[in-house]
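Its first residue numbered 111, the sequence shown is counted upward by one per residue in my numbering.
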Amino acid sequence: MPDVFVNYRTGDEEAAATMIARELARRFGGERIFFASNSIELGRRFPVELVRAVEECEALLAVIGPRWAEVRGADGRPALEAEQDWTRREIQTALDRGILVIPVLVGKATRIDRAVLPDDLRELSDCQYRRFDHRNAESDLTALGDALARLLPELGAADCDARTARERAEMKSREKWAKDAGHTGMRTRDVEQRVRGGIGNLSGDLSGTFVNEPQGPVNTGPGHQYNAPRFQGDNTGVQFTAGDNSGTVHQRFERDRRRSDDGR
(Lines of atoms letter the chains of each structure in order from A and count residues from 1; the text may use other names and numbers.)
(Lines give C-alpha, C1' and ligand atoms only; values in the text may rest on other atoms or scores of the structure.)
Protein backbone atom coordinates (compact mmCIF):
# COMPACT_ATOMS: atom_id res chain seq x y z
CA MET A 1 0.00 0.00 0.00
CA PRO A 2 1.10 3.62 -0.53
CA ASP A 3 3.08 5.61 2.01
CA VAL A 4 1.62 8.99 1.04
CA PHE A 5 -2.01 9.83 0.25
CA VAL A 6 -2.57 13.01 -1.81
CA ASN A 7 -5.89 14.56 -0.80
CA TYR A 8 -7.40 17.44 -2.80
CA ARG A 9 -10.73 19.05 -3.65
CA THR A 10 -12.14 19.07 -7.17
CA GLY A 11 -12.55 22.68 -8.26
CA ASP A 12 -9.62 23.86 -6.12
CA GLU A 13 -6.03 23.41 -7.33
CA GLU A 14 -6.36 19.98 -8.95
CA ALA A 15 -3.40 20.95 -11.14
CA ALA A 16 -1.19 21.55 -8.10
CA ALA A 17 -2.27 18.22 -6.58
CA THR A 18 -1.44 16.48 -9.87
CA MET A 19 2.03 18.08 -10.00
CA ILE A 20 2.73 17.08 -6.41
CA ALA A 21 1.60 13.49 -6.93
CA ARG A 22 3.61 13.10 -10.14
CA GLU A 23 6.81 14.48 -8.63
CA LEU A 24 6.54 12.32 -5.53
CA ALA A 25 5.81 9.26 -7.67
CA ARG A 26 8.88 10.00 -9.81
CA ARG A 27 11.07 10.40 -6.77
CA PHE A 28 9.79 7.60 -4.54
CA GLY A 29 7.96 5.25 -6.93
CA GLY A 30 4.36 5.30 -8.12
CA GLU A 31 3.32 2.44 -5.86
CA ARG A 32 4.18 4.54 -2.79
CA ILE A 33 2.02 7.54 -3.70
CA PHE A 34 -1.79 7.35 -3.76
CA PHE A 35 -3.58 9.71 -6.12
CA ALA A 36 -7.19 8.70 -6.75
CA SER A 37 -7.29 9.30 -10.52
CA ASN A 38 -4.12 7.21 -11.04
CA SER A 39 -4.09 4.69 -8.22
CA ILE A 40 -7.54 3.10 -8.45
CA GLU A 41 -7.72 0.36 -11.09
CA LEU A 42 -10.61 0.19 -13.53
CA GLY A 43 -13.67 -1.56 -12.12
CA ARG A 44 -12.57 -1.21 -8.49
CA ARG A 45 -15.01 0.28 -5.97
CA PHE A 46 -13.53 3.67 -5.25
CA PRO A 47 -15.17 4.17 -1.78
CA VAL A 48 -13.51 0.98 -0.55
CA GLU A 49 -10.18 1.82 -2.21
CA LEU A 50 -10.14 5.36 -0.83
CA VAL A 51 -10.84 4.32 2.73
CA ARG A 52 -8.32 1.47 2.65
CA ALA A 53 -5.60 3.70 1.16
CA VAL A 54 -6.12 6.38 3.81
CA GLU A 55 -6.15 3.86 6.66
CA GLU A 56 -2.92 2.22 5.54
CA CYS A 57 -0.89 5.28 4.51
CA GLU A 58 1.84 6.87 6.64
CA ALA A 59 1.07 10.49 5.74
CA LEU A 60 -1.75 12.44 4.10
CA LEU A 61 -1.08 15.62 2.14
CA ALA A 62 -4.14 17.89 2.21
CA VAL A 63 -3.72 20.14 -0.83
CA ILE A 64 -5.55 23.38 -0.01
CA GLY A 65 -6.01 26.28 -2.42
CA PRO A 66 -7.79 29.63 -2.05
CA ARG A 67 -11.22 28.11 -2.88
CA TRP A 68 -10.88 24.96 -0.79
CA ALA A 69 -13.55 25.96 1.77
CA GLU A 70 -15.74 27.78 -0.80
CA VAL A 71 -16.40 25.07 -3.39
CA ARG A 72 -20.08 24.17 -3.29
CA GLY A 73 -21.84 20.90 -3.86
CA ALA A 74 -24.83 20.05 -6.02
CA ASP A 75 -27.18 21.38 -3.36
CA GLY A 76 -25.52 24.79 -3.42
CA ARG A 77 -24.06 24.47 0.05
CA PRO A 78 -20.30 24.43 0.78
CA ALA A 79 -19.05 20.92 -0.01
CA LEU A 80 -17.04 20.94 3.19
CA GLU A 81 -20.23 20.88 5.24
CA ALA A 82 -21.46 17.60 3.73
CA GLU A 83 -20.58 14.59 5.86
CA GLN A 84 -20.23 12.43 2.74
CA ASP A 85 -17.80 14.86 1.09
CA TRP A 86 -14.81 12.66 0.24
CA THR A 87 -12.21 15.37 0.77
CA ARG A 88 -13.56 15.84 4.29
CA ARG A 89 -13.90 12.09 4.98
CA GLU A 90 -10.31 11.31 3.92
CA ILE A 91 -8.84 13.97 6.20
CA GLN A 92 -11.15 12.97 9.07
CA THR A 93 -10.12 9.31 8.77
CA ALA A 94 -6.42 10.22 8.85
CA LEU A 95 -6.85 12.48 11.89
CA ASP A 96 -8.89 9.85 13.75
CA ARG A 97 -6.21 7.21 13.16
CA GLY A 98 -3.32 9.45 14.21
CA ILE A 99 -1.84 9.50 10.72
CA LEU A 100 0.52 12.35 9.90
CA VAL A 101 -1.52 15.07 8.14
CA ILE A 102 0.38 17.84 6.31
CA PRO A 103 -1.63 20.73 4.84
CA VAL A 104 -0.05 22.00 1.61
CA LEU A 105 -1.17 25.60 1.06
CA VAL A 106 -1.16 26.50 -2.62
CA GLY A 107 -0.63 29.99 -4.02
CA LYS A 108 -2.39 32.66 -1.97
CA ALA A 109 -4.15 30.22 0.32
CA THR A 110 -3.80 31.04 4.01
CA ARG A 111 -3.97 28.87 7.08
CA ILE A 112 -7.45 27.42 7.36
CA ASP A 113 -9.70 29.37 9.71
CA ARG A 114 -10.74 27.06 12.50
CA ALA A 115 -14.17 28.64 12.49
CA VAL A 116 -15.01 27.43 8.97
CA LEU A 117 -14.08 23.82 9.69
CA PRO A 118 -16.54 21.16 10.82
CA ASP A 119 -15.95 19.93 14.37
CA ASP A 120 -14.32 16.70 13.17
CA LEU A 121 -11.75 18.68 11.12
CA ARG A 122 -10.87 21.41 13.66
CA GLU A 123 -7.55 19.68 14.34
CA LEU A 124 -6.50 20.36 10.75
CA SER A 125 -5.99 24.04 11.54
CA ASP A 126 -3.35 23.09 14.13
CA CYS A 127 -1.23 20.98 11.78
CA GLN A 128 2.05 22.48 10.58
CA TYR A 129 1.84 23.16 6.87
CA ARG A 130 3.98 23.48 3.75
CA ARG A 131 3.59 26.01 0.96
CA PHE A 132 3.50 25.34 -2.75
CA ASP A 133 3.71 28.10 -5.35
CA HIS A 134 3.61 27.42 -9.08
CA ARG A 135 6.30 30.08 -9.56
CA ASN A 136 8.64 28.14 -7.26
CA ALA A 137 7.37 24.69 -8.16
CA GLU A 138 10.74 22.98 -8.49
CA SER A 139 12.19 24.17 -5.18
CA ASP A 140 8.89 23.73 -3.31
CA LEU A 141 8.48 20.17 -4.59
CA THR A 142 12.05 19.37 -3.66
CA ALA A 143 11.54 20.73 -0.14
CA LEU A 144 8.32 18.75 0.26
CA GLY A 145 9.98 15.55 -0.94
CA ASP A 146 12.97 16.11 1.36
CA ALA A 147 10.64 16.58 4.34
CA LEU A 148 8.73 13.36 3.58
CA ALA A 149 11.96 11.41 3.09
CA ARG A 150 13.13 12.59 6.51
CA LEU A 151 9.83 11.91 8.28
CA LEU A 152 9.18 8.50 6.70
CA PRO A 153 12.33 6.31 6.78
CA GLU A 154 10.94 3.66 4.40
CA LEU A 155 10.06 6.36 1.90
CA GLY A 156 13.52 7.85 2.31
CA ALA A 157 15.08 4.48 1.54
CA ALA A 158 13.30 4.51 -1.84
CA ASP A 159 14.38 8.07 -2.66
CA CYS A 160 15.88 7.93 -6.17
CA ASP A 161 17.13 11.53 -5.94
CA ALA A 162 19.16 10.71 -2.85
CA ARG A 163 20.50 7.58 -4.56
CA THR A 164 21.46 9.60 -7.62
CA ALA A 165 23.18 12.18 -5.42
CA ARG A 166 25.17 9.42 -3.67
CA GLU A 167 26.19 7.90 -7.00
CA ARG A 168 27.32 11.29 -8.30
CA ALA A 169 29.31 11.92 -5.12
CA GLU A 170 30.96 8.50 -5.41
CA MET A 171 31.76 9.13 -9.08
CA LYS A 172 33.33 12.50 -8.27
CA SER A 173 35.34 10.85 -5.50
CA ARG A 174 36.61 8.18 -7.90
CA GLU A 175 37.43 10.79 -10.53
CA LYS A 176 39.32 12.86 -7.96
CA TRP A 177 41.22 9.78 -6.78
CA ALA A 178 42.15 8.90 -10.38
CA LYS A 179 43.20 12.49 -11.07
CA ASP A 180 45.34 12.64 -7.93
CA ALA A 181 46.87 9.26 -8.76
CA GLY A 182 47.65 10.51 -12.26
CA HIS A 183 49.34 13.63 -10.88
CA THR A 184 51.35 11.49 -8.47
CA GLY A 185 52.47 9.25 -11.34
CA MET A 186 53.46 12.28 -13.42
CA ARG A 187 55.46 13.73 -10.52
CA THR A 188 57.18 10.38 -9.99
CA ARG A 189 58.13 10.14 -13.67
CA ASP A 190 59.33 13.74 -13.60
CA VAL A 191 61.59 13.01 -10.62
CA GLU A 192 62.95 9.90 -12.32
CA GLN A 193 63.70 11.86 -15.48
CA ARG A 194 65.36 14.65 -13.51
CA VAL A 195 67.50 12.12 -11.64
CA ARG A 196 68.63 10.58 -14.93
CA GLY A 197 69.28 13.91 -16.65
CA GLY A 198 70.20 16.24 -13.78
CA ILE A 199 70.09 16.60 -10.03
CA GLY A 200 66.53 17.95 -10.18
CA ASN A 201 64.52 19.14 -7.18
CA LEU A 202 65.85 17.68 -3.96
CA SER A 203 65.13 18.31 -0.30
CA GLY A 204 66.50 17.17 3.03
CA ASP A 205 70.17 16.85 4.02
CA LEU A 206 72.23 17.84 0.95
CA SER A 207 75.63 17.95 2.71
CA GLY A 208 77.05 15.13 0.57
CA THR A 209 78.39 15.19 -3.00
CA PHE A 210 76.17 14.49 -6.01
CA VAL A 211 77.67 13.10 -9.20
CA ASN A 212 75.43 12.67 -12.20
CA GLU A 213 76.54 10.72 -15.27
CA PRO A 214 80.27 11.52 -15.05
CA GLN A 215 82.24 11.21 -18.29
CA GLY A 216 85.59 10.37 -16.64
CA PRO A 217 87.26 9.57 -13.30
CA VAL A 218 85.88 11.59 -10.39
CA ASN A 219 87.36 11.87 -6.91
CA THR A 220 84.74 12.83 -4.32
CA GLY A 221 87.02 12.46 -1.29
CA PRO A 222 88.66 15.21 0.83
CA GLY A 223 92.03 15.09 -0.92
CA HIS A 224 93.41 16.52 -4.18
CA GLN A 225 91.31 16.20 -7.27
CA TYR A 226 93.22 15.43 -10.50
CA ASN A 227 91.87 15.81 -13.97
CA ALA A 228 94.13 14.51 -16.77
CA PRO A 229 92.50 15.20 -20.12
CA ARG A 230 94.28 14.18 -23.28
CA PHE A 231 95.25 16.99 -25.61
CA GLN A 232 96.58 16.80 -29.15
CA GLY A 233 100.11 17.85 -30.07
CA ASP A 234 102.37 19.73 -27.66
CA ASN A 235 99.60 20.25 -25.14
CA THR A 236 99.78 16.70 -23.81
CA GLY A 237 100.30 17.00 -20.09
CA VAL A 238 98.68 16.83 -16.71
CA GLN A 239 96.08 19.30 -15.48
CA PHE A 240 95.28 19.09 -11.78
CA THR A 241 93.10 20.84 -9.24
CA ALA A 242 94.10 20.72 -5.58
CA GLY A 243 92.80 22.04 -2.26
CA ASP A 244 89.38 23.41 -1.62
CA ASN A 245 89.38 25.17 -5.03
CA SER A 246 88.12 28.39 -3.45
CA GLY A 247 90.77 30.36 -5.30
CA THR A 248 92.35 30.16 -8.73
CA VAL A 249 92.58 26.81 -10.44
CA HIS A 250 96.27 26.04 -11.18
CA GLN A 251 97.29 24.22 -14.30
CA ARG A 252 100.81 22.86 -15.09
CA PHE A 253 101.94 21.16 -18.28
CA GLU A 254 104.89 18.81 -18.89
CA ARG A 255 106.24 21.12 -21.61
CA ASP A 256 106.75 23.90 -19.02
CA ARG A 257 108.44 21.42 -16.70
CA ARG A 258 110.87 20.29 -19.42
CA ARG A 259 111.83 23.86 -20.12
CA SER A 260 112.52 24.41 -16.43
CA ASP A 261 114.70 21.30 -16.22
CA ASP A 262 116.81 22.38 -19.27
CA GLY A 263 117.25 25.86 -17.84
CA ARG A 264 115.56 27.35 -20.84
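Virtual Cβ for every residue (Gly too), placed ideally from N, Cα, C. It should be emphasised that the depicted structure is a prediction, and the values quoted were computed from it without experimental measurement.
Proximity of residue i and residue j at Cβ, strictly below 9 Å
{"i": "F242", "j": "L262", "result": "no"}
{"i": "A135", "j": "P176", "result": "no"}
{"i": "A259", "j": "R240", "result": "no"}
{"i": "Q238", "j": "I212", "result": "yes"}
{"i": "D269", "j": "R137", "result": "yes"}
{"i": "D223", "j": "A179", "result": "yes"}
{"i": "P112", "j": "F156", "result": "no"}
{"i": "G139", "j": "N148", "result": "no"}
{"i": "E264", "j": "E168", "result": "yes"}
{"i": "G266", "j": "A272", "result": "yes"}
{"i": "L205", "j": "E233", "result": "yes"}
{"i": "G183", "j": "A126", "result": "no"}
For residue j and residue i, believed in contact at Cβ under 8 Å, the rounded distance
{"i": "L170", "j": "I130", "result": "About 12 Å; that fails the 8 Å criterion."}
{"i": "V164", "j": "T203", "result": "5 Å"}
{"i": "R132", "j": "V114", "result": "The Cβ separation is near 13 Å, so there is no contact."}
{"i": "T197", "j": "N117", "result": "6 Å"}
{"i": "V161", "j": "G121", "result": "22 Å between Cβ atoms; not a contact."}
For residue i: DSSP bridge partner residues
{"i": "L215", "result": "I174, R241"}
{"i": "V116", "result": "L171"}
{"i": "P188", "result": "R182"}
{"i": "L210", "result": "A169"}
Test: residue i CB closer than 9 Å to a CB of chain D
{"i": "V173", "result": "As a matter of chain content, chain D is missing from the structure shown, which is built from one protein chain."}
Near the ligand GTP: residue i beta-carbon under 8 Å from a heavy atom
{"i": "A127", "result": "Of ligands this structure carries none, so the ligand GTP is not represented either."}
query: Using 8 Å as the Cβ pair cut-off and three pairs as the minimum, do the stretch 175 to 195 and the stretch 217 to 234 touch?
result: The answer is yes - the stretch 217 to 234 touches the stretch 175 to 195, with three or more Cβ pairs under 8 Å.
- prompt: Which residue spans inside the stretch 119 to 182 form an unbroken beta strand (DSSP E) run of at least 3?
  reply: Secondary structure within the stretch 119 to 182: the beta strand (DSSP E) runs of 3 or more consecutive residues, fully enclosed, are 169 to 174 (chain order).
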